[in-house]
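Chains as they are written, first to last, in our numbering: chain A, 1065 to 1712; chain B, 80 to 579; chain C, 1430 to 1533; chain D, 2 to 173.
Notes follow the structure.
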Amino acid sequence: MNMFTQAVWIPLLPFLSFLLLGFFGKYLKGTTAGWLATVFLLGAAAISFNIAYEYFFLFGKDANGVYQTIVPLKMTWLQFAGGLSIDMGLLIDPIAVMMLVVVTFISLMVHLYSLGYMKGEERFSTYYAYLGLFTFSMLGLVLSVNLFQIYIFWELVGVSSFLLIGFYFDRASAIAAAKKAFIVTRFADLGFLIGILVLSSAAGTLDFQTLIQRLTDSTGEGLHTATATGFLGVSALTWGLLLIFMGGAGKSAMFPLHIWLPDAMEGPTPVSALIHAATMVVAGVYLVARLFGIFAFSAPGAMEVVAWVGAISSLFAAVIACTQTDIKRVLAYSTMSQIGYMMFALGVSGGSGEAVDGFTAANFHLFTHAMFKALLFLGAGMVIHAVHSNELKDMGGLRKQLPVTHLTFLIACLAIAGVPPFAGFFSKEAILHAAHLTHPAIYWIGIITAALTAFYMFRLYFGIFHGATSSHHGDSHHHGHEGDFFQKLPLILLGVASMTAGFIPFGNFVSFSGRPVELHTDLAFSILPVSLSLVGILIAAWFYRKPSEMPDKVAGFFGSVFTAARQKFYIDEIYLFITRKIIFKLIAAPAAWFDRSIIDGTVNTFGVAAQTGSESISDLQTGKVQSYAAWFVGATLLLIIVFIYFIH
Amino acid sequence: MNLSLLFIVPAITAVVILFTRSLQQARALALGGSVVQLFLVGNLIAAFQRTTSGLGDGVSDFVFQQRMAWFPSLHIDYFVGVDGISVAMIGLTALVVLAGVLVSWNVTKQPREFFFLLMFLSAGAYGFFISLDLFLQFFFLELAVIPKYLLIGIWGSGKKEYSANKLALMLMGGSALVFVGLLGVYFRSGSTVTFDWLRATGSIMPVSDQLFFFPFLFLGFGVFTALFPFHTWVPDGHSSAPTAASMFLAGISMKLGGYGCLRVAMCLMPEAAQYYSVYIVALATIAVLYGAFATMMQTDLKYINAYSSVSHCGFVLLGIGMMTRSSIQGAVLQMVSHGLMTALFFAAIGMLYERTHTRKVSELGGVMKSMPFVSTLFFLAGLCSLGLPGLSGFVSEMTVFVGSWERAETGYRVMTVLSCMSIVVTAVYILRAIGSSIMGAPRSAAFLQFKDAAWNERVAAAVLMAGILIIGITPFLLNQLILPGSEKIAQQLQRIILPL
Amino acid sequence: MNEVPLSHFLILSTALFFIGVFGFLSRRNLVTILMSLELILNSVNINFIAFNQYLWPGKMDGLFFTLFIIAIAAAEAAVAIAIILHLYRHYRSIDAEDVDTLRF
Amino acid sequence: MSISAMFFYALSAAVLVSAVLSVTSRNIFRSAIFLLFSLISIAGIYFWMNYEFIAAVQTIVYVGGIVVLIIFSIFLTQQAGVSLPAPMKGRMIYAALASIAGFVLVVMQLLAHPFKVDNSVVASRGIKDIGHGLLETGANGYVLPFELVSILLLAAMIGCIVIALKPNSTTA
């Protein structure tokens, strides 16, 4: 079993690359730093794939054919005096291995792609150092054995995301976006932290395995106390899980904590592909999946919330995505929408029966989504490099100029739209099937979202690669090459993955019980979603393939709804109102004023009182000997009288 | 290990510095003294580990005890000894003082007196942490006040006279309260008068006396550690003080208070501590949140760090007030961690100020380009302050939170949750400060010309960073030092012998 | 002389003492203040002599004290007058009200 | 009342009257002269009590020394014939009240106190005895204070010279 200790190198290699580049990066010329980091990551990816192979095919199963949870390494990191402890270690189970593969693979692709994309940047080595830090943190998160360990790496991915979003730190918008991302997720993490405290105090442990075991054992004491005590009519356990989910929702940009994700597109595009599409944003899904047992068995209420938040986010984001013109923002909302899919897939599945397939479906979608969304972002990066703009209106007719990009982008669009036989089709079908079983309403939301997804993705596709060549960038032909081989390679690899990932028998590897499950692909069931997706694609083609008046007419038809969607339903404004007007004006400013005026004022008043008091007393000190004598005589007499006649 | 050396070495260094002729000599001596001190402290830690490892797990005793009669007629002894907690605090002091000497490398105004006072201060702090006799401890506490007044008044900036007066008077007021409390302990605990900490903890003071004297001791030490509402010396004092003095003030001096609250006030009067715990927790929560919110509105980097110190020291008091085993452990961790972090923050602010001559957030910007090292430092200090894992702030704050959560009463839960909220507010103000002073476009062409940190600044930063990283990445090292001590204190606090 | 009771001596000396006090407090000229001081000292001397005579006639301690007081008074007067002259040179006045530099 | 007693009361009256005049006169020179009378009357009381040596010392030191010194200082600091500035009224009233109050208080106390008058032996107080007493080193000897006073006088003399000397000879 100890062969899995090698997994420790998976996060450590990127970390070493971070240290190396962080300290000595400035001495490396050209793309050396990038190559160094890529080599390190290649090592990590190789180990991940090796582990995946060994786990899934050789040693992962126990005698009954069930995938085991293996903890090859665990050490006490911080022992609390009260009995809890934060452990650091490695936890290998199907979802962790799946995530290892995803993270290292996408990260490797991004490393390769950035060699060309970021070439000539002033802080090239810093960029790679940050990438290393991020990859390290994300892998650490994936491998966590302990609720607090996951929180630790959770924060670390947050800060690496901050660093990468704010990579162009001389742009005010980049700083604002980075701050926003960090603060919003931090706010969500507050919930996470309190959730951890609630769960740990109920279970008396922070260790995942023990925690899940104690909180799902219906005869155990931990579960009993956690459900018996409550607050506002909701049991402590449900509160804890909801608060933890709040953390997950923040990281995964679920409504209403999503506002940071579109802004996060200020970062370099490969970063968006890595962090804000494929890996970090699915951490919330991963977290819920990690604690799935508790959710499913002990807190169905919390599951319900997860399902609905996911469903609302997916529809909400899809609507907004239809109206945005910045291609990266469209992709960002699309990401949010797809994560909503995964989230409600988890939410709708129960702890047993056929519904539990939702768990597998969510992870499957996570896997396929990582492939095609990373591909979409990397493709968008190509496009943006070609036209030097993020705006859809500056693009058009680029299919000749960027053939590889065009082809791979199309594959990714087909995949995300759920057209068979591309990857997205399979995972989406599984999700819709799971929803159909338990939550028909969410199933319909899913269907509508799927159609919208097809529409806005092909709106993007046709807008970029078809239609009139934008006059604005007519001169863009002379830098019309698509970048070097190493930029194209990731596109091709990801394109292949997007085409074929659906055929992986995912249910054989990842399931809640550890036993293989058969994911549902049923022709009759698939007709509706697929045909709706095709309708979406056709409408997009009709609207955007050639310049047409239809989009404006439709926009006019929807009127204020369209405007609201375009303005992202004013969520940002609401947040601004809360922060600027309430927190700053009504809490922070009064606090600062109170401190300076009242508290400091009191202190100063004491000072002034002492000073004036002593000054007025010092008037007695005239320097005139006779007045002293007068006081002396008078006081002596007084004392004599007092002592003789009043005190005996 | 002779503990007396710990304050004798800096004291001798201080005196010898008075006889130097130039800046070069003075600073070399000060540096030498602090390096020797660091070795001494390293030796102390090693010796401590050796000695206590024989005692078995979880046993905490004061080792290296020394006792000599000092004022026999008053039963005042020269009595010193250390446990894990004091060793940790001594380690903190050694690091901060060394860094403080290094960042003051180019003090031009009366360097001899400056370094003299700095070393003198450190002698006071060392003495405070090793004392086991309450009077001796008070003596060292007072010793560490006056030099601050001079450091701020002479080498400070801004409205330095005002700040120096305010600081000295408020701290003196705190000491006066402490002394009243100590007299209470002296006369009322046990059958005979005693200032001996060990004896006083062993005997039981009548509860009515505890209830009367506890507020004196706690509030008195609380003034030192910026207990709300006695914190207002902190912003003014820190902002006017020269860099090294700020570092010392926030890094060590505020910890004298926390240490006193824990070691003296709480341990000597556990019953009163139980009784007042809810008030302590409430005040601490106010300090945590209120300090954080007040920080959001500050525009001067030093004020930002000063107010955030109020907030962070609130965690120390929160941990102390919660009185659970983990929370006490967390309070001690937070003392060490905050000491290092805030010293680093002040050092970074000092470096920025030295070059740009402004501390206003609005007048800075884009210094990352010309001063990557200083900026990274600033950034790391900020991240530590907002509790990023891998840096020390995370470890200590989480321990405080976990410990606080162990109190299941609704009121305590509410305050714990409120205190947790500060992690968001902290993120807001730290990122605002970083975003507008470090990042962004360079404010002017002059901002591209600044020189990055010099060797002395780099070493100073490295010393503090090393501490922060060691605690942040391998917290178990520090933890094994302080865990037995915290357990013992928690046990003492759980002692309920007489019903209230 | 024994028909005069001790108390009469004491009343005399008390009266002289308070006349001196009155002068000390009310006069403004430093020389007159010094003169009032001499009266006060003399009242003390009378007391010493009277006590010696009436209460301890077998001893001479009161006498010696009186002697020493006179000697000290002489020294005091000399120093005081030196100071007065110095002040006069400095302030061109020996008014006690004008001499008030001894303050905060 | 015997003649002797009447002598005492007359001398006392002289002492008090001239003392009062001395502290109230507006002419400083007259003040000094009244002081002189008062001191001489006190010397008279000492004579009347058979303390001839003290009376002599009183006459020599006070009358011959101090008063003369005072008169000299008056000459040095005061234009003759110029009357003194009027004392401040408030201070004067306060002084009078305080003095009277103090006098009453003390007199009340000493009248209430029973002094144990000793009529036994009267020690011989000749010059010889005084000389022995002053220079004796035994239990009743006063040689130490005597020496101290002599040092004090020396110090006073040097002090006077130093103080009264013009501060800077070059400016003189």
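Beta carbons are placed, not taken as given, at the ideal position from N, Cα and C, and that holds for glycine.
Nothing here was measured: the structure is a model prediction, and the numbers come from that model.
Can you confirm whether residue i, when its beta carbon is compared against all beta carbons of chain C, has any partner nearer than 8 Å?
{"i": "A/Val1672", "result": "no"}
{"i": "D/Phe9", "result": "yes"}
{"i": "D/Phe116", "result": "yes"}
{"i": "D/Val144", "result": "no"}
Have a look at the options and flag the residue whose alpha-carbon is nearest the alpha-carbon of residue i.
{"i": "A/Ala1215", "options": "A/Val1223, A/Met1173, A/Leu1205", "result": "The identity of residue 1215 of chain A in the sequence shown is Tyr, whereas the question assumes Ala. Answer by Cα proximity: A/Leu1205."}
{"i": "C/Gly1487", "options": "D/Gly139, D/Glu137, D/Val118", "result": "D/Val118"}
{"i": "B/Arg511", "options": "A/Tyr1507, A/Leu1471, A/Ala1240", "result": "A/Ala1240"}
{"i": "A/Leu1296", "options": "B/Thr489, B/Lys188, B/Ser210", "result": "B/Thr489"}
{"i": "B/Val272", "options": "B/Val481, B/Asp212, B/Thr403, B/Lys334", "result": "B/Asp212"}
{"i": "B/Phe300", "options": "B/Pro554, B/Ala371, B/Phe207", "result": "B/Phe207"}
{"i": "A/Leu1395", "options": "A/Ser1612, A/His1530, A/Leu1440", "result": "A/Leu1440"}
{"i": "D/Gln59", "options": "C/Leu1441, C/Asp1490, C/Leu1496", "result": "C/Leu1496"}
{"i": "A/Val1749", "options": "A/Ile1708, A/Leu1474, A/Ser1201", "result": "Since the first residue shown for chain A is 1065 and the last is 1712, residue 1749 of chain A is missing from the structure and cannot be characterised."}
{"i": "B/Gly111", "options": "B/Gln128, B/Ala93, B/Ser101, B/Leu456", "result": "B/Ala93"}
At least one CB of chain A closer than 8 Å to the CB of residue i: is that the case?
{"i": "B/Arg342", "result": "no"}
{"i": "B/Ser498", "result": "no"}
{"i": "B/Pro321", "result": "no"}
{"i": "B/Val138", "result": "For B/Val138, the pLDDT reaches just 48, beneath the cut-off of 50, and the residue's location in the model is therefore unreliable, although a value from the coordinates is still provided. No, B/Val138 lies away from the interface with chain A (no Cβ there is under 8 Å from its Cβ)."}
{"i": "C/Phe1446", "result": "no"}
{"i": "B/Ser236", "result": "no"}
Would you say residue i lies against chain D (beta-carbon separation less than 8 Å)?
{"i": "C/Asp1527", "result": "no"}
{"i": "C/Val1508", "result": "yes"}
{"i": "C/Ile1501", "result": "yes"}
{"i": "C/Ile1469", "result": "no"}
Return the Cβ separation of residue i and residue j in integer angstroms, given the expectation that the two are a contact with Cβ distance under 8 Å.
{"i": "A/Asn1210", "j": "A/Ile1276", "result": "About 12 Å; that fails the 8 Å criterion."}
{"i": "A/Asp1390", "j": "A/Glu1455", "result": "6 Å"}
{"i": "A/Ala1371", "j": "A/Gly1411", "result": "3 Å"}
{"i": "A/Thr1517", "j": "A/Ala1628", "result": "With a Cβ gap of about 20 Å, A/Thr1517 and A/Ala1628 do not count as contacting."}
Starting from residue i, follow its DSSP beta bridges and name the residues at the other end.
{"i": "B/Val78", "result": "The question about residue 78 of chain B has no answer, for chain B in this structure spans 80 to 579."}
{"i": "A/Asn1210", "result": "A/Asp1271"}
{"i": "D/Met93", "result": "Per DSSP, none; premise fails for D/Met93."}
{"i": "D/Leu17", "result": "Its beta-bridge partners do not exist; DSSP assigns none."}
{"i": "A/Leu1154", "result": "A/Leu1137"}
{"i": "D/Gln79", "result": "In the DSSP output, where bridge partners are listed per residue, D/Gln79 has none listed."}
{"i": "A/Leu1142", "result": "A/Ile1150"}
{"i": "C/Asp1524", "result": "C/Asn1458"}
{"i": "A/Phe1295", "result": "A/Val1298"}
{"i": "A/Lys1125", "result": "A/Tyr1131"}
{"i": "B/Lys439", "result": "B/Asp379"}
For chain B, check one thing: does any of its Cβ atoms lie closer than 8 Å to the Cβ of residue i?
{"i": "A/Val1167", "result": "no"}
{"i": "A/Ser1540", "result": "Its pLDDT being 46, under 50, A/Ser1540 is placed unreliably by the model, and the measurement read from it follows with that caveat. False, the Cβ-Cβ gap to chain B never drops below 8 Å."}
{"i": "A/Thr1140", "result": "yes"}
{"i": "A/Val1223", "result": "yes"}
Review point. In the segment 472-493 of chain B, which residues sit with their C-beta less than 8 Å from some C-beta in chain G, listed in chain order?
Key: Checking the listed chains, one finds no chain G in this structure; the protein chains it contains are A, B, C and D.
Exercise for review: Please list the residues of the segment 74-105 of chain D that have a C-beta atom closer than 8 Å to any C-beta atom in chain C, keeping them in chain order.
Suggested key: Within the segment 74-105 of chain D, Ser74, Ile75, Leu77, Thr78, Gln79, Leu85, Pro86, Pro88, Met89, Arg92, Met93, Tyr95, Ala96, Ala97, Ala99, Ser100, Ile101, Gly103, Phe104 place their CB atoms closer than 8 Å to a CB of chain C, listed in sequence order.
Practice item. For the segment 519-551 of chain B, enumerate the residues whose C-beta is nearer than 8 Å to any C-beta of chain A, in chain order. Key: For the segment 519-551 of chain B, the residues whose beta carbon sits under 8 Å from a beta carbon of chain A are, in order, Gly519, Ala520, Pro521.
**Study point:** Interfacial residues, the segment 1685-1706 of chain A to chain D, with Cβ spacing under 9 Å
**Key:** Taking a C-beta cut-off of 9 Å against chain D, the contacting residues of the segment 1685-1706 of chain A are Gln1690, Ser1691, Ala1694, Val1697, Gly1698, Thr1700, Leu1701, Ile1704, Ile1705, listed in chain order.
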